[in-house]
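Asks:
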Ligand code: NVA
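Residue numbers (our numbering): 7 to 313.
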């Protein structure tokens with residue numbers, strides 16, 4: 007059976023740890039693993055802006071001995087010139103795996119149903135699971151463990167990163183508190199699924215409208231842009247609602263003194279995170295960005311070995 011990575015809970019809690027262990031091994035010895043030697047091609051399809059995702063996948067696939075084949079989703083007129091079902095079968099005949107950034111989760115599901123090779127979600131409106139692997143690798147590096155670690159996700163909890171944090175955090179046995187205004191909490195079905203997973207792993211999921219309450223006692227403080235891709239028209243309203251949720255020195259003072267601060271980037275300094283916090287000693291955002299490469303190499307290798 008072909009394995010895919012379309013949302014965070016496509017890996018069981020035990021599988022998640024296997025992938026993170028492999029990511030650590032690949033980080034320690036970046037050129038020692040060549041599962042794509044041949045080279046096998048991996049298609050990287052982007053319908054939306056990208057920097058970290060494109061460069062970390064391209065560099066990582068090259069390190070694995072493979073050939074990263076970037077496809078401009080706009081030029082291909084993905085889903086317009088031909089349907090996702092047809093594109094899936096075309097790409098699946100050329101590439102050993104497909105990495106796709108697009109708007110709708112239903113489209114990556116369709117791609118996975120028809121490609122015949124592993125499909126990895128490189129961000130949809132709903133989930134950003136590759137980012138979460140890098141984030142969890144980063145937390146483990148700085149905190150030495152995942153189970154029992156307290157995470158505060160502050161800001162737009164309704165975006166892909168909010169959904170992915172509750173799912174992946176639950177799988178990792180973490181205590182995740184989402185501090186978000188009313189109407190901006192993660193998807194109710196995703197929260198219900200995460201609560202179910204947390205019951206197995208010893209983690210927990212909590213929602214709060216109070217950013218101070220969310221951050222209190224946190225070991226990890228996470229934020230993301232208040233205006234995700236595709237939400238640009240809502241900018242004015244969002245910039246009115248979200249300022250109390252900005253990660254400033256004042257807010258961070260309510261977390262544990264050795265809390266780390268994470269952001270998937272790009273960051274809007276002075277909005278969801280202050281200049282002093284992102285550039286300060288508690289920020290691990292550059293480690294997080296680097297770990298995209300190691301974590302994605304690991305999940306790609308893991309999926310190919312099992313497909
Ligand atoms: N929530 C953000 C993540 C960017 C990597 C967005 O979707 O734009």
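Glycine residues also receive a C-beta, built at the ideal position from the N, C-alpha and C atoms.
The model shown is predicted, which means the values in this text are computed figures rather than measured ones.
Cβ of residue 73 within 9 Å of Cβ of residue 45?
Replies: A contact, by the Cβ cut-off of 9 Å.
Asks: How many whole angstroms separate the CB atoms of residue 157 and residue 182, which I take to be in contact at a CB cut-off of 8 Å?
Replies: About 5 Å; that satisfies the 8 Å criterion.
Asks: Using a Cβ distance threshold of 8 Å, determine whether the region 48-66 contacts the region 7-16, with at least three qualifying pairs required.
Replies: Contact between the region 48-66 and the region 7-16 is absent, because fewer than three Cβ pairs lie under 8 Å.
Asks: Within 9 Å (strictly less), CB to CB, does residue 15 reach chain D?
Replies: Annotation note: the requested chain D is absent from the structure, which comprises a single protein chain.
Asks: In terms of DSSP beta bridges, what is residue 212 paired with?
Replies: DSSP output for residue 212 lists 183 as bridge partner(s).
Asks: Mind checking residue 273: buried by the 16 CB within 10 Å criterion, or exposed?
Replies: Result: buried.
Asks: What is the DSSP secondary structure of residue 309, counted as helix, strand or coil?
Replies: Helix.
Asks: By alpha-carbon positions, which one of 96, 79, 39 ends up nearest to residue 71?
Replies: Per the Cα distances, 39.
Asks: Which class does residue 49 belong to by DSSP, given the choice of helix, strand or coil?
Replies: If DSSP states are grouped into helix, strand and coil, residue 49 belongs with the strands.
Asks: For the region 138-210, list the beta strand (DSSP E) runs that are entirely contained and at least 3 residues long, ordered along the chain.
Replies: Correct list: 156-160, 181-185.
Asks: Helix, strand or coil for residue 7 per DSSP?
Replies: It is coil, neither helix nor strand.
Asks: Would you tell me roughly how many angstroms separate the C-alpha atoms of residue 221 and residue 268, rounded to the nearest one?
Replies: Answer to the nearest angstrom: the Cα atoms are 13 Å apart.
Asks: Examine the ligand NVA and report whether any of its heavy atoms sits within less than 8 Å of the Cβ of residue 62.
Replies: Not so, every heavy atom of the ligand NVA lies at least 8 Å from the Cβ.
Asks: Quick check: does the Cβ of residue 162 come within less than 8 Å of any heavy atom belonging to the ligand NVA?
Replies: Yes - the ligand NVA has a heavy atom lying nearer than 8 Å to the Cβ of residue 162.
Asks: Give every residue of the same chain whose Cβ lies closer than 7 Å to the Cβ of residue 172, excluding the five residues on either side of it in the sequence, and list them in chain order.
Replies: Correct list, in chain order: 182, 184, 192, 196, 197, 200, 211.
Asks: Exposed or buried, what is residue 37 when buried is set at 16 or more other beta-carbons lying within 10 Å of its beta-carbon?
Replies: Classification of residue 37: exposed, given that the 10 Å Cβ count is below 16.
Asks: Output yes or no for whether 9 Å exceeds the beta carbon distance between residue 142 and residue 26.
Replies: In contact: residue 142 and residue 26 (Cβ atoms closer than 9 Å).
Asks: How would you write the range of the alpha helix (DSSP H) that residue 64 sits in, first residue to last?
Replies: Residues 58-69.
Asks: Is residue 167 near the ligand NVA, with its Cβ less than 8 Å from a heavy atom?
Replies: Residue 167: yes, Cβ under 8 Å from the ligand NVA.
Asks: Taking C-beta to C-beta, are residue 131 and residue 234 nearer than 9 Å?
Replies: Cβ distance < 9 Å, so residue 131 and residue 234 count as in contact.
Asks: When you compare only the Cα positions, how much space is there between residue 105 and residue 266?
Replies: Spanning the two alpha carbons is a distance of roughly 29 Å.
Asks: Buried or exposed, going by whether 16 or more other CB atoms sit within 10 Å of the CB of residue 275?
Replies: Exposed, by the Cβ-count rule.
Asks: Measure the C-alpha to C-alpha separation of residue 133 and residue 312 and round it to an integer number of angstroms.
Replies: In a straight line, the C-alpha of residue 133 is about 23 Å away from that of residue 312.
Asks: Is the beta carbon of residue 190 closer than 9 Å to that of residue 162?
Replies: Yes.
Asks: Do residue 103 and residue 300 come within 9 Å of each other at the CB atom, strictly closer than that value?
Replies: No. Outside cutoff.
Asks: I need the straight-line Cα distance from residue 204 to residue 194, nearest angstrom please.
Replies: When rounded, the distance between both Cα atoms is 15 Å.
Asks: Nearer than 8 Å: is that true of the beta carbon of residue 260 relative to any heavy atom of the ligand NVA?
Replies: Result no, Cβ not under 8 Å from the ligand NVA.
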